[in-house]
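Colleague: Take 1 as the starting number for the sequence shown in UniProt numbering and just add one per residue. The C-beta atom is built at its ideal place from N, Cα and C for all residues, glycine as well. Have a look at this one before I ask anything.
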Amino acid sequence: MSQGKTVSFSQMKDGTKEDYMLLRELEKPYHALTADRILDELRRQGEASLEGYPITRLDHGLQAATRAERDGADLDWIVGALLHDIGDGLAPQNHDRFSAEVIRPFVRWDVAWVVEHHGIFQMLYYAHHYGWDENARERFRDHPCFDSCAEFCERWDQSSFDPDYDPKPLAHFEPMVREVFARKAYDPEVLREGYVSRLTAA
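In structure tokens, the structure reads:
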């Protein structure tokens with residue numbers, strides 16, 4: 001394909017098979033750089049913190065991922081912990097769902113589910129201070145990932161705002177991020193729909 005070649009249509013419905021084959025080929029290099037964009041966003045999270053927190057959002061993710069690794073969690077859980085708040089920059093009001101969509105094509109379904117729902121599960125710790133329902137997560141009590149999400153929040157998320165904790169640096173996790181985002185998107189052997197994994201080695 002020649003440099004700068006474009007499709008023939010101005011409305012998608014008018015596109016030909018050749019147009020869409022061209023787009024599929026041209027998308028491959030962009031898809032290959034997904035991990036780079038994720039890592040860049042993490043670095044941006046290290047440049048400034050949300051007001052009031054003693055650490056940056058990057059430090060929070062690094063603490064969560066380090067705790068997961070030290071607990072013996074596997075690759076999917078470690079990367080899920082690292083990226084569980086990756087959506088904060090663009091979607092602060094629904095960052096949990098945004099973050100889940102970033103990782104969903106590349107990790108087990110239970111990890112994506114936990115990241116998607118960690119926001120409502122975290123309400124257990126603070127919602128009563130605002131007059132909200134701290135037990136809102138109970139609506140998911142019968143879901144097979146309920147206990148995983150509760151454990152994720154307790155062990156790795158709510159505890160990771162500690163300025164005295166010693167997380168591993170982003171460089172330590174970079175190869176893990178690259179490995180996960182190099183996977184084939186939506187590969188059933190990766191997603192393992194219906195399988196609920198352990199968070200820790202214990």
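In the structure shown, what three-state DSSP assignment does Trp132 receive?
Modeller: Here DSSP, grouped into helix, strand and coil, assigns Trp132 to coil.
Colleague: Look up Lys168 in the DSSP assignment and say whether it is helix, strand or coil.
Modeller: Looking at Lys168 - three-state DSSP - the assignment turns out to be coil, as it is neither helix nor strand.
Colleague: Between the segment 80-98 and the segment 123-136, do three or more beta carbon pairs fall short of 8 Å?
Modeller: no
Colleague: Kindly indicate which three-state DSSP category Pro188 falls into: helix, strand or coil?
Modeller: helix
Colleague: Gln122: which of Asp110, Lys13 and Asn135 sits nearest, CA to CA?
Modeller: Asn135
Colleague: Within 10 angstroms of the Cβ of Leu170, are there 16 or more other Cβ atoms? Answer buried if so, exposed if not.
Modeller: buried
Colleague: Do Ser197 and Asp74 have their C-beta atoms closer together than 9 Å?
Modeller: yes
Colleague: CA-CA distance, Arg43 and Pro105?
Modeller: 22 Å
Colleague: For Val180, collect the residues of the same chain with a Cβ closer than 6 Å to its Cβ; drop the 5 residues on either side in sequence, then sort them by chain order.
Modeller: Excluding sequence neighbours, Val180 sits near Val79 and Phe106.
Colleague: Please list the terminal residues of the continuous alpha helix (DSSP H) segment that includes Leu75.
Modeller: Leu75 to Leu83
Colleague: Mapping the DSSP letters down to three states, classify Glu41 as helix, strand or coil.
Modeller: helix
Colleague: Check whether the Cβ atoms of Ile86 and Ile38 lie closer than 9 Å to each other.
Modeller: yes
Colleague: Apart from the five residues on each side of it in sequence, which residues of its chain come closer than 7 Å, Cβ to Cβ, to Phe140?
Modeller: Residues His117 and Phe146 of the same chain have their beta carbon placed closer than 7 Å to that of Phe140, with the five preceding and five following residues left out of the count.
Colleague: In chain order, what residues of the same chain have a beta carbon less than 7 Å from the beta carbon of Gln63, not counting five sequence neighbours either side?
Modeller: Ser160, Asp162, Tyr165 and Pro167
Colleague: When we look at the beta-carbon of Phe9 and count the other beta-carbons within 10 Å, is it buried (16 or more) or exposed?
Modeller: Under the 10 Å beta carbon count, Phe9 is surrounded by fewer than 16 other beta carbons and is classified as exposed.
Colleague: Could you tell me the alpha carbon to alpha carbon distance between Met12 and Tyr20, rounded to whole angstroms?
Modeller: 10 Å
Colleague: Grouping DSSP H, G and I as helix and E and B as strand, with all else coil, what is Lys17?
Modeller: helix
Colleague: Write down every uninterrupted run of the alpha helix (DSSP H) in the UniProt domain "HD" (58-125) whose length is 4 residues or greater and which is fully enclosed by it, in chain order.
Modeller: 75-83, 95-103 and 109-122
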